[in-house]
Amino acid sequence: MERLLGPTSNRFASQRLRLNYVDWGNPDAPPLILQHGGRDHCRSWDWVAEELRHEWHVICPDLRGHGDSEWSPEGNYAMDGYVYDFAQLVHTLGYEKVTIIAHSLGGNIATRFAGLYPEKVDKLVNIEGLGPTLEKRRMLMGDCSADRMRDWISKKRDAAGRIPRKYNSLREAYERMKTENAFLTVEQARHLTVHGASRNEDGTWSWKFDNYLNVWPIVDLPGEHVVRLWEAITCPVLMLWGKDSFASSPALDGRMDHFSTASLIEYDNAGHWLHHDQFDRFMADVKAFLAS
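The numbers in full-length UniProt numbering rise by one with no breaks, and the one at position 282 of the sequence shown is 282.
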């Protein structure tokens with residue numbers, strides 16, 4: 001039996017940042033991009049990539065400020081930068097059309113890309129990745145007060161002075177990972193920790209993501225403009241939501257109404273990271289969708 005190698009790490013340039021992605025080989029197969037969410041990293045897709053690498057050319061990018069990608073020098077992690085980076089990845093790799101599986105923040109990014117360039121997306125799996133509800137977005141975008149701007153500046157300054165949390169060992173970081181998601185198995189938590197943390201000069205360990213990611217950008221598209229992007233999508237879309245998640249279901253808050261080609265599956269006994277929490281069911285649903 002042929003021994004398959006693990007992923008190879010590569011770089012591409014976007015807005016002067018060197019961003020990381022891993023390539024799982026099989027370049028003659030159709031391209032499949034797996035995009036992680038906030039404060040995560042590309043190696044969190046390893047189990048999914050292992051399952052799909054035989055039929056697909058799997059590419060897993062690290063968002064700016066995440067994993068092994070460079071941090072934004074000015075701490076800019078607004079949605080327009082993320083969407084540009086994603087479009088630049090597709091452009092750099094020369095893909096005419098891609099299939100995408102994306103989670104959380106990554107789903108928000110990929111869904112906007114699919115609305116901007118509907119001709120370039122064949123299928124999209126969105127795992128809890130639509131951003132705030134339209135009602136919450138209206139509240140946020142409607143508040144352009146000086147008080148809100150001053151609060152944002154204060155939080156950015158706090159982030160600038162915040163020392164990244166240090167762990168004395170990977171075991172200590174692993175224990176923190178387990179508290180973040182009680183659904184994770186020992187193997188999952190260990191893998192996510194090993195690839196999500198790096199050693200500091202003093203021998204301690206810290207998570208790879210930038211502290212500035214903890215301050216949400218103050219400016220984004222108004223809700224009606226985001227809705228127009230959703231309505232411009234022409235490819236089949238599979239929405240996946242965990243019933244134990246903090247994220248509101250798009251079937252209940254009205255967001256599903258703006259997708260003409262989407263279907264929704266909700267998962268029992270699964271939270272926001274349902275692709276980890278219910279892996280076997282997730283893979284069965286995704287494989288069926290991709291094959292349809």
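All C-beta atoms, glycine included, are put in the ideal place defined by N, C-alpha and C.
**Q.** Within the region 24 to 100, ranges of the beta strand (DSSP E) (whole runs, at least 3 residues)
**A.** 31 to 35, 57 to 61
Q: Tell whether a beta-carbon distance below 8 angstroms holds between residue 17 and residue 72.
A: yes
(Q) Can you give me the C-alpha to C-alpha distance between residue 255 and residue 134, rounded to a whole angstrom? (A) 8 angstroms
Q. Can you list, in chain order, the stretches of the alpha helix (DSSP H) that have 4 or more residues and sit fully within the region 181 to 257?
A. 186 to 196, 223 to 232, 250 to 253
Q: Give the secondary structure of residue 9 by DSSP, where H, G and I count as helix, E and B as strand, and everything else as coil.
A: strand
Q) Below 8 angstroms between beta carbons: does that hold for residue 206 and residue 166? A) yes
Q: Report buried or exposed for residue 269, applying the criterion of at least 16 other Cβ atoms within 10 angstroms of its Cβ.
A: exposed
Q. Taking the alpha carbon of residue 209 as the point to measure from, which residue in 154, 56, 37 has its own alpha carbon closest?
A. 37
Q: Compute the distance between the beta-carbons of residue 101 and residue 86, then report whether it is under 8 angstroms.
A: no
Q) Measuring CA to CA, which of 233, 272, 246, 51 is closest to residue 261? A) 233
Q.
Please return the same chain residues whose Cβ sits closer than 7 angstroms to the Cβ of residue 188, not counting the five positions on each side in sequence.
A. 276
Q. Just checking my contact of residue 52 with residue 32 at CB under 8 angstroms: how many whole Å lie between their CB atoms?
A. 6 angstroms
Q | residue 1 versus residue 30 - alpha carbon distance | A | The predicted model places residue 1 with a pLDDT of 47, which falls under 50 and marks its position as unreliable; any figure quoted below should be read in that light. Looking at the two C-alpha atoms, the distance is approximately 23 angstroms.
(Q) Which of the three DSSP states is assigned to residue 126 in this structure? (A) strand
Q) Any idea if residue 83 is buried or exposed, counting beta-carbon neighbours within 10 angstroms, 16 or more meaning buried? A) buried
Q.
Short of 6 angstroms in beta carbon distance, which residues of its chain neighbour residue 251, apart from the five on each side in sequence? Order them along the chain.
A. 264
Q: Just the C-alpha distance for residue 174 and residue 137, rounded to the nearest angstrom, thanks.
A: 34 angstroms
Q) For residue 289, is the classification buried or exposed, using 16 other Cβ atoms within 10 angstroms of its Cβ as the cut-off for buried? A) buried
Q) In whole angstroms, what is the alpha-carbon distance linking residue 55 and residue 238? A) 19 angstroms
Q. Should the region 40 to 51 be regarded as contacting the region 73 to 80, the criterion being three or more beta carbon pairs within less than 8 angstroms?
A. no
Q) Just reading off the alpha helix (DSSP H) that residue 263 is part of, what are its end residues? A) Per DSSP, residue 263 belongs to no alpha helix (DSSP H); it is in the beta strand (DSSP E), 262 to 267.
Q. Roughly how many whole angstroms lie between the Cα atoms of residue 202 and residue 58?
A. 36 angstroms
Q: Report the option in 181, 213, 274 whose CA atom is closest to the CA atom of residue 152.
A: 213
Q: Pick helix, strand or coil for residue 276, following the three-state DSSP scheme.
A: helix
Q) Among 225, 106, 144, 121, which one has its Cα closest to the Cα of residue 95? A) 121
Q. Contact check, residue 272 vs residue 242 under 8 angstroms by CB: the rounded distance?
A. 6 angstroms
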